[in-house]
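Everything on this sheet refers to the single structure shown next.
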Amino acid sequence: MPIKAILTDIEGTTSAVSFVFDVLFPYAAQHLPEFVLSHAEAPQVAEQLAAVRAESGEPEADVQRVVEILLGWIAADRKATPLKALQGMVWAEGYQAGQLKGHVYPDAVEALKRWKARGYDLYVYSSGSIQAQRLIFGCSEAGDLTPLFSGYFDTTSGPKREVASYRNIAQAIGCASEQILFLSDIVEELDAARQAGLQTVGLARSGGELAGHETVASFAAIDPARL
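This note's numbering runs 93 ahead of the 1-based position in the sequence shown.
Next comes the structure, spelled out in C-alpha coordinates:
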(Lines of atoms letter the chains of each structure in order from A and count residues from 1; the text may use other names and numbers.)
(Lines give C-alpha, C1' and ligand atoms only; values in the text may rest on other atoms or scores of the structure.)
Protein backbone atom coordinates (compact mmCIF):
# COMPACT_ATOMS: atom_id res chain seq x y z
CA MET A 1 0.00 0.00 0.00
CA PRO A 2 1.36 3.47 -0.82
CA ILE A 3 2.54 5.82 1.89
CA LYS A 4 -0.08 8.45 2.74
CA ALA A 5 1.29 9.97 5.95
CA ILE A 6 4.77 10.68 7.31
CA LEU A 7 5.38 10.76 11.07
CA THR A 8 8.68 12.25 12.20
CA ASP A 9 10.66 12.43 15.40
CA ILE A 10 12.39 15.74 16.18
CA GLU A 11 15.54 15.30 18.27
CA GLY A 12 18.32 13.82 16.14
CA THR A 13 15.96 13.55 13.17
CA THR A 14 14.62 16.91 12.01
CA SER A 15 16.70 18.81 14.53
CA ALA A 16 20.12 18.60 16.15
CA VAL A 17 20.36 16.80 19.49
CA SER A 18 22.72 19.57 20.55
CA PHE A 19 19.95 22.16 20.17
CA VAL A 20 17.84 20.32 22.73
CA PHE A 21 20.65 19.54 25.18
CA ASP A 22 22.83 22.63 24.75
CA VAL A 23 20.13 25.28 24.23
CA LEU A 24 16.62 24.25 25.27
CA PHE A 25 17.35 22.22 28.40
CA PRO A 26 19.76 24.78 29.91
CA TYR A 27 17.29 27.58 29.13
CA ALA A 28 14.49 25.68 30.89
CA ALA A 29 16.68 24.84 33.88
CA GLN A 30 17.67 28.49 34.24
CA HIS A 31 14.21 30.00 33.86
CA LEU A 32 11.87 27.29 35.19
CA PRO A 33 12.26 28.05 38.93
CA GLU A 34 11.27 31.70 38.55
CA PHE A 35 8.50 30.80 36.11
CA VAL A 36 6.94 28.22 38.46
CA LEU A 37 7.23 30.43 41.54
CA SER A 38 5.63 33.40 39.79
CA HIS A 39 2.89 31.44 37.97
CA ALA A 40 2.09 28.71 40.51
CA GLU A 41 -1.48 29.92 40.96
CA ALA A 42 -2.26 30.03 37.23
CA PRO A 43 -4.65 27.14 36.44
CA GLN A 44 -2.56 25.55 33.66
CA VAL A 45 0.59 25.69 35.82
CA ALA A 46 -1.18 24.52 38.99
CA GLU A 47 -2.50 21.52 37.08
CA GLN A 48 1.02 20.47 36.08
CA LEU A 49 2.39 21.05 39.60
CA ALA A 50 -0.31 18.74 40.95
CA ALA A 51 0.75 16.15 38.37
CA VAL A 52 4.39 16.47 39.50
CA ARG A 53 3.34 15.87 43.12
CA ALA A 54 1.36 12.79 42.09
CA GLU A 55 4.08 11.33 39.87
CA SER A 56 6.81 11.93 42.47
CA GLY A 57 4.76 10.45 45.30
CA GLU A 58 5.00 13.69 47.28
CA PRO A 59 1.40 14.96 47.44
CA GLU A 60 2.20 17.51 50.15
CA ALA A 61 5.26 19.03 48.45
CA ASP A 62 5.32 22.82 48.51
CA VAL A 63 6.13 24.80 45.39
CA GLN A 64 9.82 25.11 46.22
CA ARG A 65 10.06 21.33 46.64
CA VAL A 66 8.24 20.81 43.32
CA VAL A 67 10.85 23.05 41.67
CA GLU A 68 13.61 20.86 43.13
CA ILE A 69 11.89 17.74 41.77
CA LEU A 70 11.57 19.32 38.33
CA LEU A 71 15.23 20.34 38.22
CA GLY A 72 16.17 16.78 39.18
CA TRP A 73 14.04 15.45 36.35
CA ILE A 74 15.68 17.85 33.89
CA ALA A 75 19.15 16.71 35.00
CA ALA A 76 18.09 13.07 34.53
CA ASP A 77 16.41 13.80 31.15
CA ARG A 78 13.25 12.22 32.51
CA LYS A 79 10.39 11.96 29.99
CA ALA A 80 7.75 13.13 32.47
CA THR A 81 4.66 14.65 30.88
CA PRO A 82 4.18 17.46 33.47
CA LEU A 83 7.84 18.44 33.15
CA LYS A 84 7.53 18.58 29.37
CA ALA A 85 4.41 20.73 29.67
CA LEU A 86 6.11 23.20 32.02
CA GLN A 87 9.26 23.30 29.90
CA GLY A 88 7.04 24.13 26.94
CA MET A 89 5.57 27.09 28.81
CA VAL A 90 9.03 28.39 29.70
CA TRP A 91 10.27 27.94 26.14
CA ALA A 92 7.18 29.74 24.83
CA GLU A 93 8.25 32.85 26.71
CA GLY A 94 11.78 32.48 25.31
CA TYR A 95 10.59 32.10 21.73
CA GLN A 96 8.17 35.01 22.08
CA ALA A 97 10.97 37.18 23.47
CA GLY A 98 13.20 36.25 20.54
CA GLN A 99 15.71 34.56 22.85
CA LEU A 100 15.17 31.17 21.19
CA LYS A 101 14.98 30.04 17.55
CA GLY A 102 14.12 26.45 16.71
CA HIS A 103 16.78 24.46 14.88
CA VAL A 104 15.61 22.38 11.90
CA TYR A 105 18.10 20.87 9.45
CA PRO A 106 17.87 22.49 5.98
CA ASP A 107 17.47 19.08 4.33
CA ALA A 108 14.50 18.38 6.62
CA VAL A 109 12.90 21.73 5.78
CA GLU A 110 13.29 21.11 2.06
CA ALA A 111 11.96 17.54 2.21
CA LEU A 112 9.00 18.40 4.42
CA LYS A 113 7.97 21.16 2.03
CA ARG A 114 8.39 18.84 -0.95
CA TRP A 115 6.37 16.04 0.67
CA LYS A 116 3.60 18.42 1.67
CA ALA A 117 3.40 19.70 -1.91
CA ARG A 118 3.13 16.11 -3.14
CA GLY A 119 0.10 15.48 -0.95
CA TYR A 120 1.56 13.59 2.00
CA ASP A 121 0.08 14.35 5.42
CA LEU A 122 2.86 15.24 7.85
CA TYR A 123 2.83 14.58 11.59
CA VAL A 124 5.27 14.95 14.50
CA TYR A 125 5.82 12.48 17.37
CA SER A 126 8.26 13.60 20.05
CA SER A 127 8.79 13.14 23.77
CA GLY A 128 8.64 16.94 24.01
CA SER A 129 5.17 18.38 24.59
CA ILE A 130 2.96 19.30 21.66
CA GLN A 131 3.39 22.93 22.69
CA ALA A 132 7.19 22.58 22.53
CA GLN A 133 6.92 20.90 19.12
CA ARG A 134 4.83 23.75 17.75
CA LEU A 135 7.37 26.25 19.07
CA ILE A 136 10.39 24.56 17.47
CA PHE A 137 8.70 24.51 14.07
CA GLY A 138 6.72 27.71 14.48
CA CYS A 139 9.69 29.82 15.58
CA SER A 140 12.36 28.02 13.56
CA GLU A 141 15.42 29.51 11.92
CA ALA A 142 13.64 28.77 8.62
CA GLY A 143 10.48 30.63 9.65
CA ASP A 144 7.05 29.29 10.56
CA LEU A 145 6.87 25.66 9.44
CA THR A 146 3.68 24.74 11.31
CA PRO A 147 1.46 25.00 8.19
CA LEU A 148 3.25 21.90 6.90
CA PHE A 149 1.90 19.66 9.67
CA SER A 150 -1.51 18.06 10.07
CA GLY A 151 -1.00 17.08 13.71
CA TYR A 152 1.34 16.53 16.64
CA PHE A 153 1.75 13.67 19.13
CA ASP A 154 3.65 13.50 22.42
CA THR A 155 3.87 11.17 25.43
CA THR A 156 0.12 11.52 26.02
CA SER A 157 -0.15 9.02 23.14
CA GLY A 158 2.22 6.69 25.00
CA PRO A 159 5.99 6.14 25.38
CA LYS A 160 7.97 6.24 22.14
CA ARG A 161 9.44 2.78 22.55
CA GLU A 162 6.10 0.99 23.03
CA VAL A 163 4.18 -0.64 20.19
CA ALA A 164 0.79 0.49 21.51
CA SER A 165 1.79 4.15 21.12
CA TYR A 166 2.13 3.79 17.36
CA ARG A 167 -1.15 1.94 17.11
CA ASN A 168 -2.80 4.81 19.00
CA ILE A 169 -1.26 7.31 16.61
CA ALA A 170 -2.27 5.37 13.50
CA GLN A 171 -5.84 5.27 14.81
CA ALA A 172 -5.76 9.02 15.52
CA ILE A 173 -4.41 9.75 12.03
CA GLY A 174 -7.12 7.56 10.55
CA CYS A 175 -4.77 5.76 8.22
CA ALA A 176 -3.75 2.11 7.86
CA SER A 177 -0.51 1.52 9.78
CA GLU A 178 1.31 0.29 6.69
CA GLN A 179 0.53 3.60 4.95
CA ILE A 180 2.43 5.59 7.59
CA LEU A 181 6.18 6.16 7.35
CA PHE A 182 7.96 6.81 10.67
CA LEU A 183 11.33 8.58 10.81
CA SER A 184 13.61 8.44 13.86
CA ASP A 185 17.23 8.15 14.95
CA ILE A 186 16.47 5.60 17.69
CA VAL A 187 16.40 1.87 16.91
CA GLU A 188 13.99 1.02 19.75
CA GLU A 189 11.47 3.57 18.46
CA LEU A 190 11.78 2.26 14.91
CA ASP A 191 11.37 -1.30 16.17
CA ALA A 192 8.18 -0.41 18.06
CA ALA A 193 6.76 1.43 15.04
CA ARG A 194 7.50 -1.50 12.74
CA GLN A 195 5.89 -3.95 15.15
CA ALA A 196 2.79 -1.73 15.00
CA GLY A 197 2.81 -2.11 11.21
CA LEU A 198 4.35 1.24 10.21
CA GLN A 199 7.01 1.63 7.52
CA THR A 200 10.31 2.94 8.92
CA VAL A 201 13.44 4.80 7.88
CA GLY A 202 16.23 5.58 10.32
CA LEU A 203 18.25 8.79 10.39
CA ALA A 204 21.94 8.39 11.21
CA ARG A 205 23.31 11.85 10.47
CA SER A 206 26.84 10.94 11.50
CA GLY A 207 26.80 7.73 9.49
CA GLY A 208 26.31 4.14 10.50
CA GLU A 209 23.29 1.84 10.49
CA LEU A 210 20.19 1.53 12.63
CA ALA A 211 19.93 -2.26 12.76
CA GLY A 212 17.03 -3.78 10.87
CA HIS A 213 15.90 -0.54 9.24
CA GLU A 214 16.75 1.33 6.07
CA THR A 215 19.14 4.04 7.24
CA VAL A 216 20.00 7.36 5.63
CA ALA A 217 22.12 10.36 6.61
CA SER A 218 19.76 13.02 5.30
CA PHE A 219 16.09 13.63 4.51
CA ALA A 220 17.22 14.20 0.92
CA ALA A 221 17.76 10.45 0.57
CA ILE A 222 14.18 9.54 1.53
CA ASP A 223 11.63 8.91 -1.23
CA PRO A 224 8.28 7.84 0.29
CA ALA A 225 6.97 6.93 -3.16
CA ARG A 226 9.32 3.97 -3.49
CA LEU A 227 8.61 2.41 -0.08
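All C-beta atoms in this analysis are idealised placements derived from N, C-alpha and C, irrespective of residue type, glycine included.
Keep in mind that this is a model prediction, so the values were computed, not measured.
Inter-residue spacing [alpha-carbon to alpha-carbon] between residue i and residue j
i: isoleucine 262; j: alanine 122; result: 30 Å
i: tyrosine 221; j: glycine 251; result: Residue identity differs from the one stated: residue 221 is glycine in this sequence, not tyrosine. Spanning the two alpha carbons is a distance of roughly 12 Å.
i: valine 309; j: isoleucine 99; result: 16 Å
i: serine 111; j: leucine 117; result: 9 Å
i: valine 294; j: leucine 303; result: 9 Å
i: alanine 133; j: arginine 298; result: 40 Å
i: alanine 201; j: alanine 135; result: 37 Å
Exposure label - residue i; buried when at least 16 CB within 10 Å
i: proline 175; result: buried
i: arginine 260; result: buried
i: serine 233; result: buried
i: threonine 249; result: exposed
i: glutamate 140; result: exposed
i: leucine 296; result: buried
i: aspartate 247; result: buried
i: leucine 320; result: exposed
i: glutamate 282; result: buried
i: glutamine 292; result: buried
i: arginine 227; result: buried
i: glutamine 180; result: buried
i: phenylalanine 230; result: buried
Reference residue i, options the options, closest by Cα
i: isoleucine 103; options: Ile279, Arg319 and Gln292; result: Ile279
i: glutamate 161; options: Lys172, Ala178 and Leu142; result: Leu142
i: serine 138; options: Ser149, Leu238 and Leu125; result: As written in the sequence, residue 138 is valine, which differs from the serine given in the question. Minimum Cα distance to valine 138 is reached at Leu125.
i: leucine 241; options: Ala210, Pro95 and Asp115; result: Ala210
Range of the contiguous alpha helix (DSSP H) that encloses residue i
i: arginine 293; result: It is threonine, not arginine, that sits at residue 293 in the sequence shown. Looking at the DSSP string, threonine 293 is not in any alpha helix (DSSP H); the run it does join, the beta strand (DSSP E), is 292-296.
i: serine 149; result: 136-149
Run of the beta strand (DSSP E) containing residue i, from where it starts to where it stops
i: tyrosine 218; result: 214-218
i: tyrosine 245; result: 242-246
Validate contact between the region 104-112 and the region 192-208 using beta carbons, cut 8 Å, 3 pairs | A contact exists between the region 104-112 and the region 192-208.
Quick check: the region 175-194 against the region 209-217, are there 3 or more CB pairs under 8 Å?
-> With the rule of 3 Cβ pairs closer than 8 Å, the region 175-194 does not count as touching the region 209-217.
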